[in-house]
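K.L.:
Residue numbers (the UniProt record's numbering): 1 to 293. Where is the CB? At the ideal position from N, CA and C, for every residue including glycine. Predicted, not measured: the structure shown is a model, and the values here were computed from it. My questions will all concern the structure given below.
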């Protein structure tokens, strides 16, 4: 998916385990097919997984999760990953990596939700709880910054999609988001990547939230993105009420959802059909919502 990916295979994972976690080195190991874009995932035995960044942008993720998730987990209403071991760089692998507890569950998909209102309420409760967490000293999240910080790349992505989407409507929707009042409160905790593949559900209810590599503090508006990347329009008010989003935050959240999708679609169109398909869904949902009275 990326020009600068590090190649990761079973023999490498075996060597890393043997060197750093020999007690787990002989357990069954199998690669997990995933739409994830940053980490390669291997299931280890029955109840663990190995996560290894494949690009430099994910180099700090394992350390971040190891540092912050044990502190955040008791304050959140749903399960989050438990880091069982933090691996260190090695001669044939350049970054920190981790062994985490395996979490069972299904991944929700737009248009295939059994009761979107219940899931919407669950997601809103998670967002509100994370935003309300009183835990000082968190790192800044780049998606916690103002929307203006991604203005140039968003407009560039719109140009890349000329002939594929309604670029005039996308530009207008983006400019509306930019015009929303900026966040003026103190930095709050946010996940910053609540894509459907980072959620686990059972019987239509949220059970766990995964992949906290983008975790940090700032404007929490980007955690409203499930309203457009997963939930149908009828369930969005439930999510918004549970998450406690005001008008300005909701508008900024819509802007983040659109910006992310616009960047993802041209980048992943040929390499990751799951991400590209979700990006098309988000763009369609945002532009449709904008046209409604």
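Do residue 229 and residue 1 have their C-beta atoms within less than 8 Å of each other?
P.N.:
Along the chain shown, read from residue 1 onward, the residue named residue 229 stands at position 229. Along the chain shown, read from residue 1 onward, the residue named residue 1 stands at position 1. No, Cβ-Cβ distance for residue 229 and residue 1 is not below 8 Å.
K.L.:
Is DSSP giving residue 165 helix, strand or coil here?
P.N.:
Along the chain shown, one-based indexing puts residue 165 at 165. Residue state, collapsed to three classes: strand.
K.L.:
Extract the residue ranges of the alpha helix (DSSP H) inside the segment 47–131, only unbroken runs of 4 or more that lie entirely within it.
P.N.:
Whole alpha helix (DSSP H) segments, 4+ residues: 61–72 and 116–131.
K.L.:
So, does the segment 182–194 touch the segment 263–272, judging by three or more C-beta pairs under 8 Å?
P.N.:
No, the segment 182–194 does not touch the segment 263–272.
K.L.:
For a test of the three-state rule: what should DSSP assign to residue 177, helix, strand or coil?
P.N.:
As a working mapping, residue 177 is identified with position 177 in the chain shown. Note: residue 177 maps to helix in three-state DSSP.
K.L.:
For residue 126 versus residue 76, is the C-beta distance shorter than 8 Å?
P.N.:
Your numbering for residue 126 matches position 126 in the chain shown. Your numbering for residue 76 matches position 76 in the chain shown. A contact, by the Cβ cut-off of 8 Å.
K.L.:
In chain order, which alpha helix (DSSP H) runs of at least 4 residues are fully inside the segment 191–252?
P.N.:
Within the segment 191–252, the complete alpha helix (DSSP H) runs of at least 4 residues are 226–229 and 236–243.
K.L.:
Report the CB separation of residue 100 from residue 48 in whole angstroms; it is logged as a contact under 8 Å.
P.N.:
Residue mapping note: residue 100 aligns to position 100 of the chain shown, counting from 1. Residue mapping note: residue 48 aligns to position 48 of the chain shown, counting from 1. Yes, they are in contact, since the Cβ atoms of residue 100 and residue 48 sit about 7 Å apart, within 8 Å.
K.L.:
Under a Cβ-count criterion, where at least 16 other Cβ atoms within 10 Å of its own Cβ denotes burial, should residue 285 be classed as buried or exposed?
P.N.:
Sequence index remark: in the chain shown, residue 285 carries index 285 (1-based). Answer is buried; the Cβ neighbour count reaches 16.
K.L.:
CA-CA distance, residue 145 and residue 89?
P.N.:
As a working note, residue 145 is residue 145 in the chain shown. As a working note, residue 89 is residue 89 in the chain shown. Rounded to whole angstroms, residue 145 to residue 89 spans 30 Å at the Cα level.
K.L.:
Output the distance between the C-alpha atoms of residue 44 and residue 247, rounded to the nearest integer angstrom.
P.N.:
Residue mapping note: residue 44 aligns to position 44 of the chain shown, counting from 1. Residue mapping note: residue 247 aligns to position 247 of the chain shown, counting from 1. Cα-Cα distance, rounded: 45 Å.
K.L.:
Can you name, in chain order, every residue of its own chain whose Cβ lies under 6 Å from the Cβ of residue 291, other than the five neighbours on each side?
P.N.:
Start at 1 with the first residue of the chain shown, and residue 291 comes out as number 291. None.
K.L.:
At a Cβ threshold of 8 Å, is residue 242 touching chain D?
P.N.:
No chain D is present in this structure, which holds just one protein chain.
K.L.:
Tell me whether residue 65 is buried or exposed, calling it buried when 16 or more other Cβ atoms sit within 10 Å of its Cβ.
P.N.:
As a first step, residue 65 is located in the chain shown; it is residue number 65 there, counting from the start. Per the 10 Å Cβ criterion, buried.
K.L.:
According to DSSP, residue 29 sits in a beta bridge with which residue or residues?
P.N.:
Start at 1 with the first residue of the chain shown, and residue 29 comes out as number 29. In DSSP, residue 29 forms a bridge with 44.
K.L.:
Residue 270 by DSSP, collapsed to three states: which one?
P.N.:
Sequence index remark: in the chain shown, residue 270 carries index 270 (1-based). Correct three-state label for residue 270: coil.
K.L.:
What's the C-alpha gap between residue 236 and residue 123?
P.N.:
Along the chain shown, one-based indexing puts residue 236 at 236. Along the chain shown, one-based indexing puts residue 123 at 123. If you take the alpha carbons of residue 236 and residue 123, they lie about 11 Å apart.
K.L.:
Taking the alpha helix (DSSP H) that residue 156 falls in, what are its first and last residues?
P.N.:
Counting from 1 along the chain shown, the entry for residue 156 is found at position 156. Its alpha helix (DSSP H) spans residues 151–160.
K.L.:
Can you check DSSP and say which residues form a bridge with residue 188?
P.N.:
Taking the chain shown and counting its residues from 1, the one referred to as residue 188 is at position 188. Answer is 218.
K.L.:
If we count Cβ pairs, one from each stretch, closer than 8 Å, do we get three or more for the segment 136–143 versus the segment 200–220?
P.N.:
Yes, the segment 136–143 is in contact with the segment 200–220.
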